[in-house]
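>
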Amino acid sequence: MRTAAIFLLIVALSGAAVGAHAQDSVFRDGFEAVPNMTCVEKSVQSTFNFPSANGQDAGALVTSACLRLVDIAGTLTLDEPYRGAQFSINGGAWVDPPIVLANNDEIEIRASAPMAIDDVNWVYLYDGGNAVADFLIRTRNDVRPATLFRVGPGRTYTELTQVADLLRAGDIVEVDGNQSYAPVEFQRAGLPASPITIRGIRVSGQRPEIDGGTITVSFRGAHHYVFENIDVTGGSEVCVRNEANDVTIRDSHVHDCTRHGILGADNYSGSLTIDRVEVDHAGGVFNGENLKHPVYIATDRDRYPGSRLRVQHSYIHDYGGNGIKSRSERDEIYYNWIDTGTRINGDVYYTVELNGYEEYESVPGINADVVGNVLVHRNVFGVRLGGDGTGNLRGRVRFVHNTLIVGSAFDQYTPVIRWFDSLESAYLANNVFTRINGDTTPLRIQRDDAVWVNGSIAVAGANNWVPSGSNSIAAGYFPDDWTGTVFGSGNPGYANLSGFD
Numbered sequence: 043m044r045t046a047a048i049f050l051l052i053v054a055l056s057g058a059a060v061g062a063h064a065q066d067s068v069f070r071d072g073f074e075a076v077p078n079m080t081c082v083e084k085s086v087q088s089t090f091n092f093p094s095a096n097g098q099d100a101g102a103l104v105t106s107a108c109l110r111l112v113d114i115a116g117t118l119t120l121d122e123p124y125r126g127a128q129f130s131i132n133g134g135a136w137v138d139p140p141i142v143l144a145n146n147d148e149i150e151i152r153a154s155a156p157m158a159i160d161d162v163n164w165v166y167l168y169d170g171g172n173a174v175a176d177f178l179i180r181t182r183n184d185v186r187p188a189t190l191f192r193v194g195p196g197r198t199y200t201e202l203t204q205v206a207d208l209l210r211a212g213d214i215v216e217v218d219g220n221q222s223y224a225p226v227e228f229q230r231a232g233l234p235a236s237p238i239t240i241r242g243i244r245v246s247g248q249r250p251e252i253d254g255g256t257i258t259v260s261f262r263g264a265h266h267y268v269f270e271n272i273d274v275t276g277g278s279e280v281c282v283r284n285e286a287n288d289v290t291i292r293d294s295h296v297h298d299c300t301r302h303g304i305l306g307a308d309n310y311s312g313s314l315t316i317d318r319v320e321v322d323h324a325g326g327v328f329n330g331e332n333l334k335h336p337v338y339i340a341t342d343r344d345r346y347p348g349s350r351l352r353v354q355h356s357y358i359h360d361y362g363g364n365g366i367k368s369r370s371e372r373d374e375i376y377y378n379w380i381d382t383g384t385r386i387n388g389d390v391y392y393t394v395e396l397n398g399y400e401e402y403e404s405v406p407g408i409n410a411d412v413v414g415n416v417l418v419h420r421n422v423f424g425v426r427l428g429g430d431g432t433g434n435l436r437g438r439v440r441f442v443h444n445t446l447i448v449g450s451a452f453d454q455y456t457p458v459i460r461w462f463d464s465l466e467s468a469y470l471a472n473n474v475f476t477r478i479n480g481d482t483t484p485l486r487i488q489r490d491d492a493v494w495v496n497g498s499i500a501v502a503g504a505n506n507w508v509p510s511g512s513n514s515i516a517a518g519y520f521p522d523d524w525t526g527t528v529f530g531s532g533n534p535g536y537a538n539l540s541g542f543d
C-alpha cells in the first residue's frame, strides 16, 4: 500500500518546537491570553482587532491586551455604546466612551465576561457608525466533569449533530466506524488543558465517515479540539472548515471534496495542526471562482497572535490547485509526502505555496519552516514562496532536508522554486533536486520574481544535491550563495527512484 510505504519513508519528527516570534506576543503559542504589558502596534489604516480572551470566569472583569494605534491623522474618536466597556489611554484611569485618540496612543479595553457558560461578549469599537475593531470575551465551558459520549447505530446518540451542542471541556466523543454520518458543525469550546476530542473507533477495520453537505465538518468557535481517526468526504464547498483556535486533525482521511479539502478562515481562526492526514481528490479550477485547494489555511493575526499552521507526517496527492496553500502567521511543514498526481494539465499547480495575508501587510514578516518533505511535481509547477499576487510573506524561509522530484514537463528552463512577491531571506540545505526515473537533464533551481525586503535576493544554502550542469544553464537560474553543492547524475542514491523508494 502506497500510504504505508510513504510513512515508512518519512523520518519521524523529533520534537521540533514552535519558534519564538520577534515581536512580543500577548498569546502563548496562539492559545489563551497571558499577562503582558507590552503594547502591540496596529495601524488604523488597515484591519485591526484586539486578541480574543477565551476561557474566562463568568462575570469576571476582563482587560484586553494593549494596542498602540498608529497612522491616525489628527484625532480618532471611538465609541462603544452597547456593552458597558471602559477604556484606558496610555496607562491612565479607566474612562467611559467615547474616547478621543491621537497618533501613537496606547489603548486597553475593560469589560465584563458573560454570566452564562461558553457565552460570548462581543465588544465593538465604532468610528461614527462604522465598527472598526472588536474585543471578544468568552466564558469557560467546564461547568461539569468531562463526559464520554458514544455515537453510532443503536446507541442513545446516532448522529454527531445530536451531541455537538452538549459538549463541555474535556469531553470525549467516540464515533462507531463502518458507518456514515451527517455533516456537523461544532461550536462549543474546550480549554487548553482539557480539549474536546472527537474520536473515530474502527469497526471491521473501517473508520466512521462524515459525508456530504455544503461544509461537511465545521469548527466554528470550537477552540481546543482534537478530531481523529475519521473519514470526511463529499463536501460541495469544503470538507473541513476551521474558524477556531488550537484545533488538531489527525489520523484521518479527507477526500473527494468538490472544492476545498481543509480550509482555514481568515477571521477568528488560530493555530491548526494537521497530523498524519491523507488528503486527496480535492481542489481545482471552477469557472468564475477562485482556485480551490486540498489544504488552504489562514490564521487571524489580531485575534490569535502567535498562531501557526503545522502540517506533519501527512500524504497529500491527486489534487487540483496547490497541495498546501497558506496565509498563516507561521508555517511549519514537516515530513509530508505531497504528490500532484495525475489530474489534468492546468488544474494542478504548486505542491507548496506560502503567502502573506490578504487583508493587510505582513508586518512583521511571516516565517516558514519546510523540513523533510517529499515533493513530487508532475506538471510544470514546483514550489512558490513569498506570495501569490495578493499577499506578501516578507519573512524568512528555512527549506531543508527535502526531496524535490520533477517529471518530464520540467525542461531546463522550468523553475523548481519560484520566489515571488516579497521575502526577507531563504536558506536551503541538504535538499535533493532530481527527476523521475533519474533523467540527467539539468534543472533550473530558481526563478526570482520577488521584491526582497533588504533590496536584493538573499538565498543562502549548503550541501544540496542537484543534477550536473544545473549551475551553468543561465545566469540567475542557480543560487550564487550556495556552498558544498553536490552535482550528480542519474539516481542520487535512492533504492528505487522510479518506484519512489
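Our numbering numbers the first residue of the sequence shown as 43 and each following residue consecutively.
No residue lacks a Cβ here, since even glycine has one placed at the ideal position from N, Cα and C.
1) So R436 and G398 are supposed to be a Cβ contact under 8 Å. How far apart are they, rounded?
2) Could you give the DSSP three-state label for T189: helix, strand or coil?
3) Quickly, what does DSSP pair E395 with across the bridge? List them, please.
4) Taking the C-alpha atoms as reference points, what is the distance between P347 and E201?
5) Report buried or exposed for Q248, applying the criterion of at least 16 other Cβ atoms within 10 angstroms of its Cβ.
6) Can the beta-carbon of R486 be found less than 8 Å from the beta-carbon of T525?
7) Note down, in chain order, each residue of its chain lying with its Cβ closer than 7 Å to the Cβ of F542, except the 5 sequence neighbours on either side.
8) Can you tell me which of D430, G503, T527 puts its alpha carbon nearest to the alpha carbon of V493?
9) Enumerated in chain order, which unbroken segments of the alpha helix (DSSP H) with a length of 4 residues or greater are wholly contained in the region 145-206?
10) Could you give the first and the last residue of the continuous beta strand (DSSP E) run that contains L3?
11) Please classify E374 as buried or exposed, where buried requires at least 16 neighbouring CB atoms within 10 angstroms.
12) Report the residue from S370, V418, Y361 whose alpha carbon sits nearest the alpha carbon of N378.
13) Taking only runs of the beta strand (DSSP E) that begin and end inside the region 253-337, which ones reach a length of at least 3 residues, in chain order?
14) Taking 8 Å as the limit between beta carbons, can you name the residues of its chain near H323, skipping five residues before and five after?
15) Across the region 220-227 and the region 250-261, are there enough close Cβ pairs to call them in contact, namely three or more that are closer than 8 Å?
16) Tell me, which residues are paired with Q248 by DSSP?
17) Under a three-way DSSP split, which group does G480 fall into?
18) Would you kindly work out how many angstroms separate the C-alpha atoms of I366 and P336, rounded to a whole number?
19) Spatial neighbours of R438 within its chain, please: C-beta separation below 6 Å, excluding the five flanking residues on both sides.
20) Expressed to the nearest angstrom, what Euclidean distance is found between the alpha-carbon atoms of D218 and R192?
21) Please determine, among I478, P509, F441, the residue with the shortest C-alpha to C-alpha distance to N538.
22) Do F92 and D176 come within 8 Å of each other at the CB atom, strictly closer than that value?
23) Considering Cα atoms alone, identify which of I243, G325, S236, V205 is closest to V545.
24) For the beta strand (DSSP E) containing W494, list its first residue and its last residue.
25) Do you know offhand how far D453's Cα is from I316's?
26) Which one of F423, S404, L351, T181 has the shortest CA to CA distance from D381?
27) Whose CA, out of Y166, R244, A144, lies closest to the CA of I151?
28) Use the C-beta contact count for T80: other C-beta atoms within 10 angstroms, 16 or more gives buried, fewer gives exposed.
29) Going by alpha carbons, who is nearest to G407 out of F520, V413, L396, L103?
30) DSSP state of L109, grouped into three classes?
31) Pick helix, strand or coil for L208, following the three-state DSSP scheme.
32) Should S540 go down as buried or exposed, given a rule of 16 or more other Cβ atoms within 10 Å for buried?
33) Among Y376, T384, D293, T393, which has the Cα closest to the Cα of Y338?
34) For T527 versus N506, is the C-beta spacing smaller than 8 Å?
35) If distances are taken between C-alpha atoms only, which option among L143, G126, D147, N444 comes closest to V104?
36) For chain C, check one thing: does any of its Cβ atoms lie closer than 8 Å to the Cβ of F129?
The relevant details are as follows:
1) R436 to G398, Cβ: 6 Å. Contact.
2) DSSP places T189 in coil when its eight states are reduced to three.
3) Bridge partners of E395: K367, R426.
4) About 35 Å.
5) It is exposed - the Cβ of Q248 has fewer than 16 other Cβ atoms within 10 Å.
6) No. Outside cutoff.
7) Apart from the 5 residues on each side of it in sequence, F542 has no Cβ closer than 7 Å to any other Cβ in its chain.
8) Nearest C-alpha to V493: D430.
9) As far as the region 145-206 is concerned, it has no whole alpha helix (DSSP H) run of at least 4 residues.
10) The question about residue 3 has no answer, for the chain in this structure spans 43 to 543.
11) Buried, because 16 or more other Cβ atoms sit within 10 Å of the Cβ of E374.
12) Here the closest residue by C-alpha is V418.
13) If we require 3 residues or more, the beta strand (DSSP E) runs fully inside the region 253-337 come out as 257-262, 267-270, 273-275, 280-285, 289-292, 295-297, 302-306, 314-317, 320-322.
14) The answer, listed in chain order, is H297, D298, C299, D360, Y361.
15) Yes, the region 220-227 is in contact with the region 250-261.
16) V245.
17) Under the three-state reduction of DSSP output, G480 falls in the helix class.
18) Their Cα atoms are separated by approximately 7 Å.
19) Correct list, in chain order: N409, E466, S467.
20) Computed Cα separation, rounded: 8 Å.
21) Selected option, being the one with the closest Cα: I478.
22) D176 is a Cβ neighbour of F92, given a cutoff of 8 Å.
23) Beyond the ends of the chain as shown, which are 43 and 543, falls residue 545; an answer cannot be given.
24) Where W494 is concerned, the enclosing beta strand (DSSP E) starts and stops at 486-494.
25) Between D453 and I316, the alpha-carbon positions lie close to 34 Å from each other.
26) Comparing alpha carbon positions, the residue from F423, S404, L351, T181 closest to D381 is F423.
27) If we check each option's Cα against that of I151, Y166 comes out closest.
28) Note on T80: under 16 other CB atoms within 10 angstroms of its CB, so exposed under the neighbour-count rule.
29) That would be L396, whose Cα lies nearest to the Cα of G407.
30) Residue state, collapsed to three classes: strand.
31) It is helical.
32) S540 should be labelled exposed.
33) Minimum Cα distance to Y338 is reached at T393.
34) Yes, the Cβ-Cβ distance between T527 and N506 is below 8 Å.
35) It is G126 whose Cα lies nearest to the Cα of V104.
36) In summary, chain C is missing from the structure at hand, where a single protein chain is found.
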